[in-house]
Amino acid sequence: MMGPMSLPTVAIGALGGTIASTSSATDGSEIVPTLSAERLAAAVPGLGELASVRAETLAQLPSPSLDEPTIVRTLAWAQAAVDAGAQGVVITQGTDTLEESSYLLDLFWDRPEPLVVTGAMRSPQAAGADGPANLLTAVRCVLEPDSRGRGVLVAFDDELHQARWVAKTDSMSTSAFRSAGFGPIGRCVEGEVVYGVPADRVPALSLSAGQEAGDPRVPLVATYLGDDGYVLEAIRAEDVDGVVIAGFGAGHVSARMAEAVGRLAGQVPVVFASRTGSGPTGRAMYGYPGSEIDLLARGAVGAGWLLPVKARLLLWAMALRGPVTRADVVREFEVRGRP
(Lines of atoms letter the chains of each structure in order from A and count residues from 1; the text may use other names and numbers.)
(Lines give C-alpha, C1' and ligand atoms only; values in the text may rest on other atoms or scores of the structure.)
Protein backbone atom coordinates (compact mmCIF):
# COMPACT_ATOMS: atom_id res chain seq x y z
CA MET A 1 0.00 0.00 0.00
CA MET A 2 1.70 3.21 -1.14
CA GLY A 3 0.61 6.79 -0.69
CA PRO A 4 1.83 9.95 -2.45
CA MET A 5 5.60 10.17 -2.65
CA SER A 6 5.55 13.50 -0.76
CA LEU A 7 4.34 11.76 2.38
CA PRO A 8 6.74 10.48 5.04
CA THR A 9 7.52 6.77 4.87
CA VAL A 10 6.53 4.42 7.69
CA ALA A 11 7.58 0.77 7.67
CA ILE A 12 5.10 -1.76 9.08
CA GLY A 13 6.30 -5.25 9.95
CA ALA A 14 3.68 -7.88 10.80
CA LEU A 15 4.38 -10.89 13.01
CA GLY A 16 0.83 -12.30 13.25
CA GLY A 17 -1.35 -12.33 16.35
CA THR A 18 -5.00 -11.47 16.90
CA ILE A 19 -4.69 -8.28 14.87
CA ALA A 20 -3.99 -10.47 11.82
CA SER A 21 -6.27 -13.41 12.69
CA THR A 22 -9.39 -14.57 10.88
CA SER A 23 -11.88 -17.41 11.23
CA SER A 24 -13.54 -19.74 8.78
CA ALA A 25 -16.22 -20.66 11.32
CA THR A 26 -19.66 -19.08 11.06
CA ASP A 27 -19.51 -17.90 14.68
CA GLY A 28 -16.08 -16.31 14.26
CA SER A 29 -14.36 -18.71 16.63
CA GLU A 30 -11.04 -20.56 16.29
CA ILE A 31 -9.20 -17.61 14.78
CA VAL A 32 -5.65 -18.02 13.46
CA PRO A 33 -3.14 -15.52 11.99
CA THR A 34 -3.72 -15.24 8.23
CA LEU A 35 -3.64 -11.57 7.18
CA SER A 36 -0.57 -10.05 5.55
CA ALA A 37 0.97 -6.74 6.55
CA GLU A 38 -0.37 -5.21 3.34
CA ARG A 39 -3.95 -6.24 4.15
CA LEU A 40 -3.62 -4.95 7.70
CA ALA A 41 -2.49 -1.55 6.46
CA ALA A 42 -5.13 -1.42 3.73
CA ALA A 43 -7.89 -1.92 6.33
CA VAL A 44 -7.00 1.24 8.30
CA PRO A 45 -9.19 4.21 7.27
CA GLY A 46 -7.17 7.33 6.45
CA LEU A 47 -3.76 5.70 6.81
CA GLY A 48 -2.81 6.41 3.20
CA GLU A 49 -3.41 10.11 3.78
CA LEU A 50 -0.87 10.22 6.60
CA ALA A 51 2.06 8.21 5.32
CA SER A 52 3.57 6.24 2.51
CA VAL A 53 3.47 2.74 3.99
CA ARG A 54 5.99 -0.01 3.30
CA ALA A 55 4.39 -3.13 4.74
CA GLU A 56 6.07 -6.51 5.03
CA THR A 57 4.92 -9.78 6.57
CA LEU A 58 7.73 -11.02 8.80
CA ALA A 59 5.82 -13.95 10.33
CA GLN A 60 2.27 -15.22 10.82
CA LEU A 61 2.44 -16.61 14.32
CA PRO A 62 0.28 -16.56 17.42
CA SER A 63 2.21 -14.60 20.02
CA PRO A 64 2.90 -17.58 22.33
CA SER A 65 4.96 -19.07 19.49
CA LEU A 66 7.21 -16.03 19.08
CA ASP A 67 10.71 -16.39 20.48
CA GLU A 68 13.78 -14.25 21.10
CA PRO A 69 15.59 -15.11 17.83
CA THR A 70 12.49 -14.04 15.88
CA ILE A 71 12.43 -10.71 17.70
CA VAL A 72 16.17 -10.17 17.14
CA ARG A 73 15.59 -10.75 13.42
CA THR A 74 12.71 -8.27 13.57
CA LEU A 75 15.08 -5.78 15.16
CA ALA A 76 17.48 -6.12 12.24
CA TRP A 77 14.60 -5.63 9.79
CA ALA A 78 13.48 -2.49 11.60
CA GLN A 79 17.00 -1.06 11.66
CA ALA A 80 17.34 -1.69 7.93
CA ALA A 81 13.99 0.00 7.26
CA VAL A 82 15.10 3.14 9.08
CA ASP A 83 18.48 3.09 7.35
CA ALA A 84 16.60 2.91 4.04
CA GLY A 85 14.72 6.13 4.81
CA ALA A 86 11.68 5.24 6.92
CA GLN A 87 10.74 7.90 9.46
CA GLY A 88 9.97 5.11 11.91
CA VAL A 89 8.70 1.57 12.24
CA VAL A 90 5.54 -0.12 13.49
CA ILE A 91 5.54 -3.79 14.51
CA THR A 92 2.22 -5.63 14.82
CA GLN A 93 1.94 -8.83 16.80
CA GLY A 94 -0.16 -10.80 19.28
CA THR A 95 -0.70 -9.34 22.71
CA ASP A 96 0.24 -12.30 24.93
CA THR A 97 3.97 -11.67 24.59
CA LEU A 98 3.89 -8.05 23.44
CA GLU A 99 5.22 -6.73 26.75
CA GLU A 100 8.26 -8.98 26.36
CA SER A 101 9.05 -8.56 22.67
CA SER A 102 8.69 -4.77 22.88
CA TYR A 103 11.20 -4.65 25.75
CA LEU A 104 13.66 -6.94 23.98
CA LEU A 105 13.49 -4.64 20.96
CA ASP A 106 13.97 -1.64 23.24
CA LEU A 107 17.11 -3.08 24.81
CA PHE A 108 18.85 -3.06 21.42
CA TRP A 109 17.05 -0.24 19.54
CA ASP A 110 19.85 2.27 18.94
CA ARG A 111 18.12 4.64 16.54
CA PRO A 112 16.41 7.96 17.41
CA GLU A 113 13.57 7.10 15.04
CA PRO A 114 10.46 5.71 16.80
CA LEU A 115 9.79 1.99 16.88
CA VAL A 116 6.21 1.35 17.99
CA VAL A 117 4.67 -2.04 18.80
CA THR A 118 0.93 -2.65 18.72
CA GLY A 119 -1.69 -5.37 18.32
CA ALA A 120 -5.34 -6.03 19.03
CA MET A 121 -7.60 -7.80 21.48
CA ARG A 122 -10.36 -8.37 18.91
CA SER A 123 -9.97 -10.01 15.54
CA PRO A 124 -10.65 -8.06 12.32
CA GLN A 125 -13.96 -9.91 11.91
CA ALA A 126 -15.23 -9.08 15.40
CA ALA A 127 -17.68 -6.29 16.11
CA GLY A 128 -15.69 -3.31 17.33
CA ALA A 129 -12.34 -4.63 16.12
CA ASP A 130 -9.62 -2.53 17.75
CA GLY A 131 -6.74 -3.40 15.44
CA PRO A 132 -7.22 -0.60 12.87
CA ALA A 133 -7.45 2.08 15.57
CA ASN A 134 -4.36 0.78 17.34
CA LEU A 135 -2.40 0.61 14.09
CA LEU A 136 -3.45 4.15 13.19
CA THR A 137 -2.35 5.40 16.62
CA ALA A 138 0.99 3.63 16.20
CA VAL A 139 1.59 5.31 12.83
CA ARG A 140 0.63 8.70 14.27
CA CYS A 141 3.09 8.06 17.06
CA VAL A 142 5.86 7.39 14.52
CA LEU A 143 5.03 10.61 12.68
CA GLU A 144 5.06 12.77 15.82
CA PRO A 145 8.45 14.56 16.07
CA ASP A 146 8.38 14.35 19.88
CA SER A 147 8.43 10.53 19.59
CA ARG A 148 12.08 10.61 18.57
CA GLY A 149 14.62 9.52 21.13
CA ARG A 150 12.11 7.63 23.27
CA GLY A 151 13.17 4.12 22.31
CA VAL A 152 10.48 1.50 21.73
CA LEU A 153 6.91 2.44 22.58
CA VAL A 154 3.70 0.44 22.83
CA ALA A 155 0.55 1.99 21.36
CA PHE A 156 -2.71 0.55 22.61
CA ASP A 157 -6.22 1.88 23.25
CA ASP A 158 -5.13 5.47 22.48
CA GLU A 159 -2.35 5.28 25.10
CA LEU A 160 1.43 5.24 24.67
CA HIS A 161 3.62 3.25 27.03
CA GLN A 162 7.35 2.77 27.47
CA ALA A 163 8.31 -0.79 26.61
CA ARG A 164 10.34 -1.08 29.81
CA TRP A 165 7.31 -0.75 32.09
CA VAL A 166 4.25 -1.87 30.11
CA ALA A 167 2.47 -5.13 30.91
CA LYS A 168 -0.63 -6.95 29.76
CA THR A 169 -2.89 -6.82 32.80
CA ASP A 170 -6.18 -8.18 31.46
CA SER A 171 -6.83 -11.31 29.42
CA MET A 172 -9.80 -9.97 27.44
CA SER A 173 -10.28 -6.20 27.76
CA THR A 174 -9.39 -3.88 24.88
CA SER A 175 -7.59 -1.73 27.47
CA ALA A 176 -5.41 -4.66 28.48
CA PHE A 177 -2.10 -2.80 28.77
CA ARG A 178 -0.97 -0.81 31.77
CA SER A 179 2.29 0.58 33.13
CA ALA A 180 1.92 -0.09 36.84
CA GLY A 181 3.58 2.46 39.07
CA PHE A 182 4.22 5.00 36.33
CA GLY A 183 1.29 4.98 33.91
CA PRO A 184 1.34 5.80 30.18
CA ILE A 185 3.70 8.52 28.99
CA GLY A 186 1.37 9.82 26.29
CA ARG A 187 -2.02 9.67 24.62
CA CYS A 188 -3.51 10.04 21.19
CA VAL A 189 -6.43 12.49 21.34
CA GLU A 190 -8.39 13.55 18.26
CA GLY A 191 -5.56 12.33 16.08
CA GLU A 192 -2.87 14.21 18.00
CA VAL A 193 -0.10 12.44 19.91
CA VAL A 194 0.68 14.22 23.19
CA TYR A 195 3.38 13.30 25.71
CA GLY A 196 3.30 14.14 29.38
CA VAL A 197 7.01 13.57 30.03
CA PRO A 198 10.15 14.62 28.13
CA ALA A 199 12.08 12.15 26.02
CA ASP A 200 14.61 10.30 28.16
CA ARG A 201 15.85 6.74 27.84
CA VAL A 202 18.66 4.44 28.88
CA PRO A 203 21.20 3.88 26.07
CA ALA A 204 20.67 0.74 24.03
CA LEU A 205 22.84 -2.33 24.42
CA SER A 206 25.22 -2.98 21.54
CA LEU A 207 25.44 -6.14 19.46
CA SER A 208 28.54 -7.18 17.56
CA ALA A 209 28.44 -9.12 14.32
CA GLY A 210 27.57 -12.73 14.96
CA GLN A 211 26.26 -12.20 18.50
CA GLU A 212 22.67 -11.85 17.31
CA ALA A 213 22.69 -15.48 16.18
CA GLY A 214 22.88 -16.81 19.74
CA ASP A 215 20.04 -18.04 21.92
CA PRO A 216 20.96 -18.12 25.63
CA ARG A 217 18.94 -20.17 28.11
CA VAL A 218 17.62 -18.09 30.99
CA PRO A 219 14.72 -19.77 32.81
CA LEU A 220 12.18 -17.87 34.91
CA VAL A 221 11.13 -19.62 38.13
CA ALA A 222 8.12 -18.34 40.08
CA THR A 223 7.92 -19.12 43.78
CA TYR A 224 4.72 -20.13 45.61
CA LEU A 225 3.35 -20.95 49.05
CA GLY A 226 5.29 -23.88 50.47
CA ASP A 227 8.03 -23.72 47.83
CA ASP A 228 10.89 -25.95 49.00
CA GLY A 229 13.20 -25.06 46.11
CA TYR A 230 12.50 -28.29 44.21
CA VAL A 231 12.26 -26.64 40.77
CA LEU A 232 15.29 -24.44 41.31
CA GLU A 233 17.31 -27.38 42.64
CA ALA A 234 16.58 -29.24 39.39
CA ILE A 235 18.35 -26.56 37.34
CA ARG A 236 21.98 -27.40 36.60
CA ALA A 237 24.26 -24.38 36.40
CA GLU A 238 26.07 -25.80 33.37
CA ASP A 239 22.78 -25.91 31.43
CA VAL A 240 21.80 -22.24 31.83
CA ASP A 241 23.24 -18.77 31.26
CA GLY A 242 21.38 -17.30 34.20
CA VAL A 243 18.18 -17.61 36.23
CA VAL A 244 15.47 -15.14 37.23
CA ILE A 245 13.21 -15.76 40.23
CA ALA A 246 9.78 -14.19 40.59
CA GLY A 247 9.65 -13.84 44.35
CA PHE A 248 7.05 -12.89 46.92
CA GLY A 249 6.57 -9.24 47.87
CA ALA A 250 9.80 -7.31 47.43
CA GLY A 251 11.54 -10.36 46.00
CA HIS A 252 11.45 -12.86 48.86
CA VAL A 253 11.63 -16.66 48.83
CA SER A 254 11.42 -19.40 51.45
CA ALA A 255 14.42 -20.32 53.59
CA ARG A 256 14.80 -23.64 51.74
CA MET A 257 14.63 -21.99 48.34
CA ALA A 258 17.20 -19.42 49.47
CA GLU A 259 19.70 -22.26 49.84
CA ALA A 260 19.13 -23.23 46.19
CA VAL A 261 19.55 -19.58 45.19
CA GLY A 262 22.92 -19.45 46.93
CA ARG A 263 24.07 -22.65 45.25
CA LEU A 264 23.25 -21.34 41.76
CA ALA A 265 24.40 -17.77 42.36
CA GLY A 266 27.90 -19.04 43.02
CA GLN A 267 28.04 -20.37 39.45
CA VAL A 268 25.71 -18.33 37.20
CA PRO A 269 23.94 -14.96 37.45
CA VAL A 270 20.75 -15.15 39.54
CA VAL A 271 18.30 -12.24 39.62
CA PHE A 272 15.29 -11.95 41.90
CA ALA A 273 12.25 -9.84 40.98
CA SER A 274 8.85 -9.17 42.52
CA ARG A 275 5.88 -11.19 41.27
CA THR A 276 3.43 -8.54 42.59
CA GLY A 277 3.24 -6.63 39.30
CA SER A 278 4.17 -3.25 40.79
CA GLY A 279 6.92 -1.85 42.98
CA PRO A 280 10.65 -2.61 43.27
CA THR A 281 12.64 -5.35 44.93
CA GLY A 282 13.89 -4.51 48.40
CA ARG A 283 17.46 -3.81 49.41
CA ALA A 284 17.71 -3.32 53.14
CA MET A 285 14.45 -3.96 55.02
CA TYR A 286 14.13 -7.66 55.89
CA GLY A 287 16.88 -9.87 57.25
CA TYR A 288 15.35 -13.36 57.57
CA PRO A 289 16.52 -16.31 55.43
CA GLY A 290 15.05 -15.76 51.96
CA SER A 291 14.70 -12.00 52.40
CA GLU A 292 16.24 -9.49 50.03
CA ILE A 293 19.21 -8.89 52.35
CA ASP A 294 19.79 -12.63 52.58
CA LEU A 295 19.52 -13.18 48.82
CA LEU A 296 21.91 -10.32 48.11
CA ALA A 297 24.38 -11.81 50.58
CA ARG A 298 24.12 -15.15 48.78
CA GLY A 299 25.14 -13.47 45.50
CA ALA A 300 21.78 -12.85 43.84
CA VAL A 301 20.95 -9.46 42.29
CA GLY A 302 17.71 -7.51 42.69
CA ALA A 303 15.76 -6.57 39.55
CA GLY A 304 14.63 -3.22 40.92
CA TRP A 305 11.41 -2.04 39.30
CA LEU A 306 11.58 -4.50 36.38
CA LEU A 307 8.85 -7.14 36.19
CA PRO A 308 10.11 -10.74 36.23
CA VAL A 309 9.64 -11.21 32.47
CA LYS A 310 11.52 -7.97 31.77
CA ALA A 311 14.31 -8.93 34.16
CA ARG A 312 14.65 -12.24 32.35
CA LEU A 313 14.91 -10.50 28.98
CA LEU A 314 17.57 -8.11 30.25
CA LEU A 315 19.63 -11.02 31.56
CA TRP A 316 19.02 -12.91 28.28
CA ALA A 317 20.14 -9.90 26.24
CA MET A 318 23.29 -9.57 28.31
CA ALA A 319 24.08 -13.27 27.86
CA LEU A 320 23.50 -12.92 24.11
CA ARG A 321 26.52 -10.62 23.98
CA GLY A 322 28.83 -13.04 25.79
CA PRO A 323 29.78 -14.30 29.27
CA VAL A 324 28.20 -12.29 32.10
CA THR A 325 29.71 -11.61 35.51
CA ARG A 326 27.86 -10.66 38.67
CA ALA A 327 29.40 -7.20 38.42
CA ASP A 328 27.94 -6.84 34.91
CA VAL A 329 24.49 -7.80 36.20
CA VAL A 330 24.68 -5.39 39.14
CA ARG A 331 25.67 -2.54 36.83
CA GLU A 332 22.99 -3.09 34.20
CA PHE A 333 20.14 -3.71 36.62
CA GLU A 334 21.13 -0.66 38.64
CA VAL A 335 20.75 1.45 35.50
CA ARG A 336 17.84 -0.28 33.76
CA GLY A 337 15.88 -1.42 36.81
CA ARG A 338 15.02 2.04 38.06
CA PRO A 339 12.88 4.87 36.60
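Residues 1 to 339 in full-length UniProt numbering are what the sequence shown spells out, letter by letter.
Built from N, CA and C at the ideal position, the CB exists for glycine as well.
The structure displayed is predicted, hence computed values, not measured ones.
Label residue i either buried or exposed according to how many other C-beta atoms from any shown protein chain fall within 10 Å of its C-beta, with 16 as the threshold for buried.
i, result
"Leu313", "buried"
"Asp215", "exposed"
"residue 405", "Since the first residue of the chain shown is 1 and the last is 339, residue 405 is not available in this structure."
"Arg217", "exposed"
"Met121", "buried"
"Pro45", "exposed"
"Leu306", "buried"
"Leu66", "buried"
"Ser173", "exposed"
"Pro145", "exposed"
"Ser29", "exposed"
"Ala317", "buried"
"Pro308", "buried"
"Gly13", "buried"
"Leu225", "exposed"
"Met257", "buried"
"Pro339", "exposed"
"Gly229", "buried"
"Gly181", "exposed"
"Asp27", "exposed"
"Ala265", "buried"
"Ala213", "exposed"
"Ser179", "buried"
"Ala78", "buried"
"Pro323", "exposed"
"Pro64", "exposed"
Using beta-carbon positions only, say whether residue i and residue j come within less than 8 Å of one another.
i, j, result
"Gly94", "Gly16", "yes"
"Phe108", "Leu58", "no"
"Ala81", "Ala55", "no"
"Arg150", "Ala199", "yes"
"Arg275", "Ala222", "yes"
"Glu99", "Val166", "yes"
"Val268", "Val240", "yes"
"Ser102", "Val152", "yes"
"Val329", "Val261", "no"
"Ala273", "Ala311", "yes"
"Ser21", "Ser171", "no"
"Val72", "Thr118", "no"
"Gly337", "Gly287", "no"
"Arg164", "Asp106", "yes"
"Thr92", "Ile19", "yes"
Hey, could you find the ends of the beta strand (DSSP E) residue i is sitting in?
i, result
"Arg54", "Ser52 to Leu61"
"Tyr195", "Glu192 to Tyr195"
"Phe272", "Val270 to Ser274"
"Gly131", "Run containing Gly131: none in the beta strand (DSSP E); it sits in the alpha helix (DSSP H), Gly131 to Leu143."
"Gln159", "Gln is not the amino acid found at residue 159; the sequence shown has Glu there. Counting along the chain, the beta strand (DSSP E) containing Glu159 begins and ends at Glu159 to Gln162."
"Ala246", "Val243 to Gly247"
"Ala235", "A small fix is needed here, since residue 235 is Ile in this sequence, not Ala. First-last for Ile235: undefined, no H or E at that position."
"Gly262", "Gly262 -> not in any beta strand (DSSP E); alpha helix (DSSP H) instead, spanning Ala255 to Ala265."
"Ile12", "Thr9 to Gly16"
"Thr118", "Leu115 to Thr118"
"Leu105", "Run containing Leu105: none in the beta strand (DSSP E); it sits in the alpha helix (DSSP H), Leu98 to Phe108."
"Val221", "Leu220 to Ala222"
"Arg217", "Note, Arg217: premise wrong, no beta strand (DSSP E); not H, not E."
"Phe156", "Val152 to Phe156"
"Val189", "Gly186 to Val189"
For my contact list, residue i and residue j are in at a C-beta cut-off of 8 Å; report their separation, rounded to the angstrom.
i, j, result
"Ser23", "Gln125", "6 Å"
"Leu7", "Ala51", "5 Å"
"Leu135", "Leu61", "About 18 Å separates the two Cβ atoms, so there is no contact after all."
"Gly302", "Phe333", "7 Å"
"Leu160", "Pro184", "6 Å"
"Leu315", "Gly242", "5 Å"
"Val202", "Val10", "With 8 Å as the limit, Val202 and Val10 do not qualify as a contact, their Cβ atoms being about 25 Å apart."
"Phe156", "Thr169", "Not confirmed; about 11 Å, so no contact."
Hey, could you find the ends of the alpha helix (DSSP H) residue i is sitting in?
i, result
"residue 347", "This structure does not reach residue 347, given that the chain is present from 1 up to 339, and the question cannot be answered."
"Ile91", "Per DSSP, Ile91 belongs to no alpha helix (DSSP H); it is in the beta strand (DSSP E), Gly88 to Thr92."
"Ile293", "Glu292 to Ala297"
"Ala317", "Pro308 to Leu320"
"Val44", "It is not in any alpha helix (DSSP H) - Val44 carries neither H nor E in the DSSP assignment."
"Val72", "Glu68 to Asp83"
### Message
Across the region 72-86 and the region 111-124, are there enough close Cβ pairs to call them in contact, namely three or more that are closer than 8 Å?
### Response
Taking 8 Å as the limit for Cβ pairs, the verdict is that the region 111-124 does touch the region 72-86.
### Query
Below 8 Å, can you find three or more Cβ-Cβ pairs linking the region 285-297 to the region 252-262?
yes
### Query
Taking three-plus beta-carbon pairs below 8 Å as touching, is the region 232-239 in contact with the region 197-215?
no
### Query
Three or more C-beta pairs closer than 8 Å, one from the region 133-144 and one from the region 188-200: is that the case here?
Contact between the region 133-144 and the region 188-200 is present: three or more C-beta pairs spanning the two stretches fall below 8 Å.
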